[in-house]
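Only one structure is covered here, and it is reproduced in the block below.
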Amino acid sequence: MKQRSFLTLLMFALMTVILAACSGGGSNESAKDPADRTPVEGGDLVVAVLSDAQSLDPASTNDTSSSAVQANIFERLIVRNSDNELAPSLAESWESIDENTWEFKLREGVKFHDGTDFNAEAVKINLERILDPEVASPRYFLFQMIDEITVIDEYTVQIKTEYPFSPLLAHLSHTGSGMVSPAVIAEDYEAMKAGKIAGTIINDKPIGTGFFTFESWTPDDRIKLVRNEDYWGDKPHVDTVTFQVSPESATRNADLERGFVQITDPVQPIEVNSINESNFGSVFQKPSSGLSYIGFNMNKKPFDDKRVRQAITMMVNRAEIIDGIYEGFGIPAVGPLAPGIFGYDDSLEPIEYDVEKAKQLLADAGYADGFKTTIWTNDSDQRTDTAIMLQHALKEVNIDIDIEQLEWGAYLAKTAAGEHDMFIHGWSNPPGDADYGLYALFNSAQHGDAGNRSFYNNPEVDALLDEGRREADPEKRMAIYKEIQEILIDDAPLIFVHHQEYLVGLSNDIIGFDMDTSGIYNLQNVQFVE
């Protein structure tokens, strides 16, 4: 089970020895605690990442690789601070006018990177674009309850919802609500009239109000951002940020040691101790609000049968996956929501590991002799190792699984189109609310790219999800979401594996890095030290 991880560690160790021999090892200076060194302004920050962004239009994607870049270019009305609390950003303040209406006072004097003014009209244009059926944004579900957006004056905007919607403020903190220059949106609409796909122009010219501006993108290689010298708030310390695509963990770590990159994401769990004990860097750890899961395509046999899904779920030993693949980083998932998320309930009972019961369920479903299928994963070592572990486990119940590893963009496109049998994926929860953690993954209107890649369809769950959105009373909402999760655990459209811990490698040459619980970097305060 640990062969891939062992080989990764071995490659890293050998490369470390070779590099140390060539360079004489790390200097005493680089071994110092970064906090004891002198901060300097400027410098070119390089972030080595596993996967490239899929789009730089915040309304066009829902993958973390894209959001991590977008968050530096575009800003939202509201953000989450370091304590995970809602805080002002482009909106300086807000108040509830009535149970369906929120009024926002906007920050004055802010300009988009192209010189266009940020104002109430810009907010209206951006939110209405996400709601436009012609745009078909996968972020639509975040704001589909919005009934009307009204410009009160240049810096005051009201958002009225069809019904009271408690998580609206949290949804507005999501990177999907990043404000794009109205001039570029207008240009994008003109391109759509000429037959272009929505977001094409914005993807090529991502213009926001953020502390970095877009300079260039070489697909599958790097994205370069430059400090916004006209930023309205505290300007970044570094001159540039480059997101460098580096699929191999050993390469990322070697580049971190040699000073070619200053941030690596992700660090493999088995590499944490090696980096922490090195003289060149350390590992930043952050519990996530997300979920890692194994999914079934319920539009395909035999996964349309609940007994088959339950049986396979019973063959998954979460503790073995966490300890054997993730080196103990993370906690077992009972259901889809992580601790700390509104709607999480620690009284829920998961489907437990049970080989004999799994065999009986498969026999009852007509698969006593098993069947053959495939499982897809992207180029994540942990996901591939999880697939290998599942492959071995299911041999005990005569299920033969072929593992196919796809490039990230192809993986997202093909699972959205429903071409898969089984797949391994994850879902973060930036707003920190059950609605976001459940609606996109399980509502039947969200099939495919919006989030529901298992193609789950349960009218009872649909109705309860809508009820949870419309209920204002927190205790009643909690009860609704508990009922939904009980149904989901029993229906088993996904195998809820674990809530991971983010592991990011940091060079001793920088300070000020932070990351939120959804995996989005905060690079505004990153600074080189000497």
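Letter by letter, the sequence shown follows residues -20 to -1, 1 to 510 in mature numbering (1 follows the signal peptide of the UniProt record, and there is no 0). Even for Gly, the Cβ is constructed at its ideal location relative to N, Cα and C. No experiment lies behind these values; they were computed from the predicted model shown.
The beta carbon of residue 420 is closer than 7 Å to those of 121, 426, 430, 431 and 432 in its chain, skipping five residues each way along the sequence. Here the stretch 383 to 395 does not lie against the stretch 411 to 418, with fewer than 3 beta-carbon pairs under 8 Å apart. In the same chain as residue 85, and ignoring 5 residues on each side of it, the C-beta atoms closer than 8 Å to its own belong to 71, 72, 73, 74, 135 and 136, in chain order.
Where residue 305 is concerned, there is no enclosing beta strand (DSSP E), because DSSP gives it neither an H nor an E.
Cα atoms of residue 292 and residue 369: separation of roughly 13 Å, rounded to the nearest angstrom.
Of the residues 405, 444 and 327, the one whose Cα lies closest to the Cα of residue 359 is 405.
Cβ-Cβ distances below 6 Å link residue 458 to nothing in the same chain once the five nearest sequence neighbours on each side are left out.
Residue environment: residue 451 is assigned as buried (16 or more neighbouring CB atoms within 10 Å of its CB, all protein chains considered). Listed in chain order, the non-local C-beta contacts of residue 109 below 7 Å within the same chain comprise 39, 115 and 165, local neighbours out to five positions each way being set aside. Cα atoms of residue 298 and residue 477: separation of roughly 6 Å, rounded to the nearest angstrom. For residue 417, the closest C-alpha among the options 438, 376, 371 and 479 is that of 479. Between the stretch 159 to 179 and the stretch 94 to 114, the count of Cβ pairs shorter than 8 Å is three or higher; the stretches touch.
Annotation for residue 507: the continuous beta strand (DSSP E) segment containing it runs 507 to 509.
The alpha carbon of residue 466 has as its nearest neighbour, out of 129, 353 and 331, the alpha carbon of 331. Closest by C-alpha distance to residue 455, out of 146, 188, 282 and 17, is 146.
For residue 249, the number of other beta carbons within 10 angstroms of its own is at least 16, and it is reported as buried. In the DSSP assignment, residue 195 falls within the unbroken beta strand (DSSP E) covering 192 to 198. For the pair residue 306 and residue 314, the Cα-to-Cα distance works out to about 17 Å. Shown here for residue 92: same chain residues with a beta carbon closer than 7 Å to its own, the five before and five after excluded, namely 98, 161, 187, 188 and 189 in chain order. Inter-segment contact for the stretch 23 to 30 and the stretch 164 to 182 is absent: fewer than three beta-carbon pairs are separated by less than 8 Å. In this model, residue 372 and residue 378 are separated by some 10 Å (Cα to Cα).
Unbroken beta strand (DSSP E) runs of no fewer than 3 residues, entirely contained in the stretch 253 to 341, are found at 261 to 267 and 271 to 276, following chain order. Closest option to residue 350, judged by alpha-carbon separation, among 327, 356 and 376: 376. Residue 397 places its beta carbon 8 Å or farther from that of residue 383.
By the C-beta criterion, the stretch 233 to 244 is judged not to be in contact with the stretch 40 to 59, since fewer than 3 inter-stretch pairs fall below 8 Å.
In the same chain as residue 473, and ignoring 5 residues on each side of it, the C-beta atoms closer than 8 Å to its own belong to 275, 276, 278, 289, 422, 434 and 436, in chain order.
Cα atoms of residue 354 and residue 21: separation of roughly 51 Å, rounded to the nearest angstrom. Here DSSP, grouped into helix, strand and coil, assigns residue 461 to helix. Three or more Cβ pairs closer than 8 Å define a contact, and the stretch 121 to 133 falls short of that threshold against the stretch 55 to 68. Note on residue 102: 16 or more other CB atoms within 10 angstroms of its CB, so buried under the neighbour-count rule.
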